[in-house]
Amino acid sequence: MTHSSALETLVRRTGAVPLGWAGATAASAYVNFGDALSPVMVALCTGMPIARVPFGSTAPRMAAVGTIGHGFAGGVVWYWGTGSSLWVNPFAPAEQRVAYTPPPNTEVHICATRGPISARVLSGQGVIATPGVYGDPVWLLPWFHHKPVEQTHELGVILHLSDLTDRSTDVHFNPLHERYVIPPELAGSVKLINTVTPVSVQALFDKVDEIRACKRIVSTSLHGLVIPESYGIPCLYFGVRGAPAGLSRIAPELDTGLDPRILDLYAGLGQDTFAMYMQPRRKRTDWEALIRAIDSAWAPAVLDEEALLNALPVTPAPITVPDGADVWDLELLRGITLAHGTDEVMDNAKRYAITARAIARGA
63 MTHSSALETL
73 VRRTGAVPLG
83 WAGATAASAY
93 VNFGDALSPV
103 MVALCTGMPI
113 ARVPFGSTAP
123 RMAAVGTIGH
133 GFAGGVVWYW
143 GTGSSLWVNP
153 FAPAEQRVAY
163 TPPPNTEVHI
173 CATRGPISAR
183 VLSGQGVIAT
193 PGVYGDPVWL
203 LPWFHHKPVE
213 QTHELGVILH
223 LSDLTDRSTD
233 VHFNPLHERY
243 VIPPELAGSV
253 KLINTVTPVS
263 VQALFDKVDE
273 IRACKRIVST
283 SLHGLVIPES
293 YGIPCLYFGV
303 RGAPAGLSRI
313 APELDTGLDP
323 RILDLYAGLG
333 QDTFAMYMQP
343 RRKRTDWEAL
353 IRAIDSAWAP
363 AVLDEEALLN
373 ALPVTPAPIT
383 VPDGADVWDL
393 ELLRGITLAH
403 GTDEVMDNAK
413 RYAITARAIA
423 RGA
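Residue numbers (our numbering): 63 to 425.
Here is the structure:
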């Protein structure tokens, strides 16, 4: 039995895909947009329900969307389009950070990663890899959600969580970050968008359509770039350091000092260089100049979508959305829970570990 067929057997026996993702707790009032799309994309591409399991576990499980690969330990893990931090704890002070290496007592299968940077980080002794298959699974969303959306704004500006003062669904940016100030005369054409999203699948798709309603996007959020790139909406990374202010082109290499997640994304798209717009946090943005920069610099990116889909460690079975239907109305997606209590997640892990052992015994 191959490793992927082992996971396939487990999924068929239990009726759901065991998936670890950076989800919400039962007490959470919001989800982070990109992370919460992980169970949605796995469900859409496999046609199967999802069971959330913890990062640390002995249960066989998948990982998909998010910069989360470094967080898994124990048991068997299949990575599909996953990103990884360079560090064991990316939130530690810089002088205390320890480079990530695959943990002991963990069997890792790399089916696909977001890009080659994550592939290099996650690879190590005992790692089973399929080299060269890259892409964030959210890139496949236009296969399933493609109803027309009226574009009402010239520019959408997507803020990373680190730019915000709170976790309100309204955008409250740090007042020191003056680059996000929009003058009154542009209030109807430039829109601030954050990734803080109510805890529901429909709210996730509402956020997707909020982005799609913009003719152009500039973003500090990773998935604030994946969504417009995959839908063919002109967009640029909105950087703060690593290059002169204004429009730049740069190679997606770690020594540039830019966000490794963004570098990983564009390296995975096979781009030797990518365009971005650098703007100091404490200086106001010339929005009209930024719009001109997007129009002059952006070009469509291409991903081998079939290769990414076929890299799934379970048999791909993309769902079909009936004509005139909204994707979030499908029973499969309505059954996805985005927030869980710790006991529920741990119970799922125990159930999958027990079932995997029974399958291995031939029971």
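All C-beta atoms in this analysis are idealised placements derived from N, C-alpha and C, irrespective of residue type, glycine included.
Bear in mind the structure is a predicted one, so any value in this text is a computation, not a measurement.
Check: Identity of the residue in E216, T87, I244 nearest M408 by Cα; Outcome: T87
Check: Residue interval of the alpha helix (DSSP H) (run including Y328); Outcome: 322-330
Check: K253 - containing beta strand (DSSP E), residue span; Outcome: 252-256
Check: Exposure of H426, with buried meaning 16 or more beta-carbon neighbours within 10 Å; Outcome: For residue 426 there is no data in the structure shown, the boundaries of the chain being 63 and 425.
Check: Selection from L148, G82, F95 that minimises the alpha carbon distance to G286; Outcome: F95
Check: S180 versus G133 - alpha carbon distance; Outcome: 13 Å
Check: T417 vs R75 beta-carbon contact at 7 Å; Outcome: yes
Check: Span of the beta strand (DSSP E) around L365; Outcome: It is not in any beta strand (DSSP E) - L365 carries neither H nor E in the DSSP assignment.
Check: Residue interval of the beta strand (DSSP E) (run including R123); Outcome: 123-125
Check: Alpha-carbon to alpha-carbon, R159 and W149; Outcome: 6 Å
Check: Beta-bridge pairing of E70 - partner residues as DSSP gives them; Outcome: Answer by DSSP bridge pairing: none, since E70 is not bridged.
Check: R419 versus F117: straight-line alpha-carbon distance, rounded; Outcome: 19 Å
Check: Backbone secondary structure at P246 - three-state DSSP; Outcome: helix
Check: Residue interval of the alpha helix (DSSP H) (run including Y293); Outcome: 285-293
Check: Any 3 or more C-beta pairs closer than 8 Å across the region 273-293 and the region 303-313; Outcome: no
Check: Per-residue DSSP class, three states only, for T108; Outcome: helix
Check: I398 versus V263 - alpha carbon distance; Outcome: 7 Å
Check: Pairwise C-alpha distance: R176 and T64; Outcome: Here T64 scores only 48 on pLDDT, less than 50, and its place in the model should not be relied on; the value that follows carries that caveat. Between T64 and R176, the C-alpha separation is close to 23 Å.
Check: Through-space distance from I312 to L320, alpha-carbon basis; Outcome: 10 Å
Check: Three-state secondary structure assigned by DSSP to P306; Outcome: coil
Check: Buried or exposed by the 16-neighbour rule on C-beta atoms within 10 Å, applied to K269; Outcome: buried
Check: DSSP three-state assignment for V407, whether helix, strand or coil; Outcome: helix
Check: Whole-angstrom distance between L371 and A249, CA atom to CA atom; Outcome: 40 Å
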